[in-house]
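Trainee:
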Amino acid sequence: MNNEKKCNIKILKNGPYIVTGNVPLSEKIIVSKGKINELKDGRKLPQAEEYALCRCGKSKNAPFCDGSHEKVGFNGVEKASRETFEDRAELLEGPDLDLLDDNRCAFARFCHREDGKVWELTENSNNPKYREEAIIAASECPAGRLVAYDKTGKAIEPEYEPSIEILQDPEKEASGPIFVKGNIPIESSEGYTYEIRNRVTLCRCGKTRNRPFCDATHISMNYTDN
Ligand code: FES
Numbered sequence: 001m002n003n004e005k006k007c008n009i010k011i012l013k014n015g016p017y018i019v020t021g022n023v024p025l026s027e028k029i030i031v032s033k034g035k036i037n038e039l040k041d042g043r044k045l046p047q048a049e050e051y052a053l054c055r056c057g058k059s060k061n062a063p064f065c066d067g068s069h070e071k072v073g074f075n076g077v078e079k080a081s082r083e084t085f086e087d088r089a090e091l092l093e094g095p096d097l098d099l100l101d102d103n104r105c106a107f108a109r110f111c112h113r114e115d116g117k118v119w120e121l122t123e124n125s126n127n128p129k130y131r132e133e134a135i136i137a138a139s140e141c142p143a144g145r146l147v148a149y150d151k152t153g154k155a156i157e158p159e160y161e162p163s164i165e166i167l168q169d170p171e172k173e174a175s176g177p178i179f180v181k182g183n184i185p186i187e188s189s190e191g192y193t194y195e196i197r198n199r200v201t202l203c204r205c206g207k208t209r210n211r212p213f214c215d216a217t218h219i220s221m222n223y224t225d226n
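For the sequence shown, the UniProt record's numbering gives the first residue as 1, with consecutive numbering after it.
#1: For the beta strand (DSSP E) containing PRO177, name the first residue and the last one.
#2: Could you check whether ASN226 and SER175 sit closer than 9 Å to each other, using their CB atoms as the reference points?
#3: Note down the Cα distance separating PRO185 from GLY144, rounded to an integer number of angstroms.
#4: The alpha helix (DSSP H) with TYR130 in it runs from where to where?
#5: For LEU121, does the count of other Cβ atoms within 10 angstroms reach 16, so buried, or fall short, so exposed?
#6: By a C-beta neighbour count over all protein chains shown, 10 Å radius and 16 as the cutoff for buried, is MET1 buried or exposed?
#7: Any chance you could list the alpha helix (DSSP H) runs of at least 4 consecutive residues sitting entirely within the stretch 175-226, in chain order?
#8: Nearest to LYS44 by alpha carbon, out of LEU146, LEU25 and ILE36?
#9: Where DSSP assigns a beta bridge to TYR17, which residues make up the other side?
#10: Can you give me the Cβ contacts of ARG209 inside the same chain, cut-off strictly under 6 Å, excluding the 5 residues immediately before and after it?
#11: Which of the three DSSP states, helix, strand or coil, is assigned to ASP87?
#12: Just tell me which of GLU78, LYS79 and ASP101 has its CA closest to the CA of ASP87.
#13: Return yes when the C-beta of PRO212 is under 8 Å from any heavy atom of the ligand FES, and no when it is not.
#14: CYS141: which of ALA106, ILE11, CYS65 and GLU171 sits nearest, CA to CA?
#15: Can you check DSSP and say which residues form a bridge with GLU165?
#16: With a threshold of 8 Å (Cβ to nearest heavy atom), would SER32 be considered close to the ligand FES?
#17: Starting from GLU38, trace the beta strand (DSSP E) in both directions and tell me its first and last residue.
#18: Just to confirm my understanding: we take ALA89, look at its own chain, exclude 5 residues before and 5 after, and list those with CB closer than 7 Å. What are they?
#19: What I want to know is whether the C-beta of LYS58 ends up closer than 8 Å to one or more non-hydrogen atoms of the ligand FES.
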């Protein structure tokens, strides 16, 4: 099933993200196991055809908007570059795998694996084990900062149905971003549709310097949604 066409996220000026198209919503908790991280199921969240997710970080009913953005005078001006990922990213060429890295980090730490981080694993990708680990490390990055490419230039991406996961990061004593999966279009408050991607993280603490995308500020400010 491919819902790409009818799913949508519309950013309201100085307000929430309006999600339409029955996009499944869940909460996931980042947990570490040795040097790697995994996502565990969190609370069950209500499902709806349309819902509004808080973008200002002040809702008392997070992850949903409760109108607080108006009371706090949230400034939601979007600053993110509109260049494509491939234009923004830097290329790291490994022997059997390449990596593009656009430095848009949500600090979710999925790039760390038992045998090293995605960059060194890519550099050692002539070893099939490290190559496999590098692919996992890149593809599990929720921010979409990291994409592994095979030597024919084809991006290696996990298959995702359109869905949204609200991340929690108890180890960092923070609530994480909104993980948007499966090529859901994101439309700016000015009507511009950002590059459609399989993985991307949207800010919900209200403090990113790269609005609407997460830049890991939720960790330095210890944003928690409860
Ligand atoms: S965006 Fe509405 S309460 Fe945060």
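Every residue gets a Cβ at the ideal spot worked out from N, C-alpha and C, and that includes glycine.
Mentor: Taking the definition as stated:
#1: 174-181
#2: yes
#3: 14 Å
#4: 128-139
#5: buried
#6: Note that MET1 has pLDDT 45, beneath the 50 cutoff, so the model's placement of it is unreliable and the number below is only indicative. MET1 should be labelled exposed.
#7: 217-220
#8: LEU25
#9: ILE11 and LEU53
#10: ASP215
#11: helix
#12: ASP101
#13: no
#14: ALA106
#15: SER26 and PHE179
#16: no
#17: 36-41
#18: LEU100, ASP101 and ASP102
#19: yes
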